[in-house]
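To convert, take the position in the sequence shown, counting from 1, and add 10; that gives my numbering. Glycine included, every Cβ here is placed at the ideal spot set by N, Cα and C. Comments concern the structure below.
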Amino acid sequence: MTVDPADAEVLAAGGVLVRDGAAGREVAVIHRPKYDDWTLPKGKLVPGEGFEQAALREVEEETGMRCTLGEYLGDRSYHDRRGRPKLVRYWAMSVDGGEFAPNREVDELRWLGPDEAAELLSYDLDRELIERVSP
Numbered sequence: 011m012t013v014d015p016a017d018a019e020v021l022a023a024g025g026v027l028v029r030d031g032a033a034g035r036e037v038a039v040i041h042r043p044k045y046d047d048w049t050l051p052k053g054k055l056v057p058g059e060g061f062e063q064a065a066l067r068e069v070e071e072e073t074g075m076r077c078t079l080g081e082y083l084g085d086r087s088y089h090d091r092r093g094r095p096k097l098v099r100y101w102a103m104s105v106d107g108g109e110f111a112p113n114r115e116v117d118e119l120r121w122l123g124p125d126e127a128a129e130l131l132s133y134d135l136d137r138e139l140i141e142r143v144s145p
C-alpha cells in the first residue's frame, strides 16, 4: 500500500544506522518493550518539523546517537495500530557520537550484520530497508 503524504494521517521519519564493525557492515536495531518488537528507530513529526529534522531527532531520542543523514532510502506506508494511514520516510545514517542508554521507548539496541538484523526484525518493511544499505 502506498500513502501519499497529503493523505497520511500520521507522518514519521527514521533511520538505518550503519557502521563498519569488526566483521563488516553493521546496522542498529532496537527493541520496544511497549510493542515487544524489534524495529528501526523512527518517530512522528512534530508541528513545523520537516522529515529530515524529525529523522535525526527521533533517532537520537530513541538510540542516544547523534547522526548525519546519508542516502535517502525511501518511504514506507502502512496503517498503524489504530488503522490510520501512516507514511514513514527513511535515511541511511552514520553515527557521529553518543551512547545508547535504555529509555522510556527503547530498552535494547543491538548492532548486527545485515543478515542477523533481518532475522531479528519484526517487520518485512524494515528488512527491505536493511537490504538497501547492505553491500
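Beta carbon of LEU139 nearer than 9 Å to that of LEU50
Numbered from 1 along the sequence shown, position 129 holds the residue referred to as residue 139. Numbered from 1 along the sequence shown, position 40 holds the residue referred to as residue 50. Cβ distance < 9 Å, so LEU139 and LEU50 count as in contact.
So, at 7 Å on beta carbons, what are the nonlocal neighbours of ASP128 in its own chain, with the 5 sequence-adjacent residues on each side left out?
Along the sequence shown, read from residue 1 onward, the residue named residue 128 stands at position 118. Reading the sequence as shown, one finds Ala at residue 128 and not Asp. Counting only Cβ-Cβ distances below 7 Å, and skipping sequence neighbours, we find ARG137, ILE140.
Beta bridge counterpart(s) of ARG120 as assigned by DSSP:
In the sequence shown, residue 120 corresponds to position 110, counting from 1. The partner list for ARG120 (beta bridge, DSSP) reads VAL39.
Hey, would you say TYR88 sits closer than 9 Å to ARG99, going by beta carbons?
Numbered from its first residue, the sequence shown carries residue 88 at position 78. Numbered from its first residue, the sequence shown carries residue 99 at position 89. The answer is no: Cβ separation not under 9 Å.
For ARG114, report the span of its alpha helix (DSSP H) as first-last.
Here residue 114 corresponds to residue number 104 of the sequence shown, with the count starting at 1. Neither: ARG114 is in no alpha helix (DSSP H) and is coded neither H nor E.
Between the Cα of HIS41 and the Cα atoms of VAL56, LEU97, LYS52, which residue gives the shortest distance?
Translated into the one-based positions of the sequence shown, residue 41 becomes position 31. When only C-alpha atoms are compared, the closest one is LYS52.
Just curious, the beta strand (DSSP E) that GLU70 is in, first and last residue?
Against the sequence shown, residue 70 aligns to sequence position 60. No beta strand (DSSP E) contains GLU70, which is instead part of the alpha helix (DSSP H) from 61-73.
So, is LYS44 buried or exposed, given that buried needs 16 or more other C-beta atoms within 10 angstroms?
The residue given as residue 44 occupies position 34 in the sequence shown. Result: exposed.
Given GLU109 as reference, the closest of VAL26, GLU36, THR73, PRO57 once Cα atoms are compared
Locating residue 109 in the sequence shown gives position 99, where the first residue counts as 1. Residue THR73 is the option with its Cα nearest to GLU109.
Nearest-angstrom Cα separation, counted from ASN113 out to ALA18:
In the sequence shown, counting from the first residue as 1, residue 18 sits at position 8. In the sequence shown, counting from the first residue as 1, residue 113 sits at position 103. Roughly 28 Å between the two C-alpha positions.
Thinking C-beta only, is LEU21 closer than 9 Å to VAL105?
Taking the first residue of the sequence shown as 1, we reach residue 105 at position 95. Taking the first residue of the sequence shown as 1, we reach residue 21 at position 11. Not a contact, by the Cβ cut-off of 9 Å.
Closest residue to ALA16 among LYS96, ASP117, ALA23 (Cα-Cα distance)
Locating residue 16 in the sequence shown gives position 6, counting from the first residue. It is LYS96 whose Cα lies nearest to the Cα of ALA16.
Can you tell me the Cα-Cα spacing of ARG67 and PHE61, whole angstroms?
For this step, residue 67 is matched to residue 57 along the sequence shown. For this step, residue 61 is matched to residue 51 along the sequence shown. In a straight line, the C-alpha of ARG67 is about 10 Å away from that of PHE61.
Between the Cα of LEU135 and the Cα atoms of ARG94, GLY84, GLY107, ALA32, which residue gives the shortest distance?
One-based indexing of the sequence shown puts residue 135 at position 125. Nearest option by C-alpha distance: GLY84.
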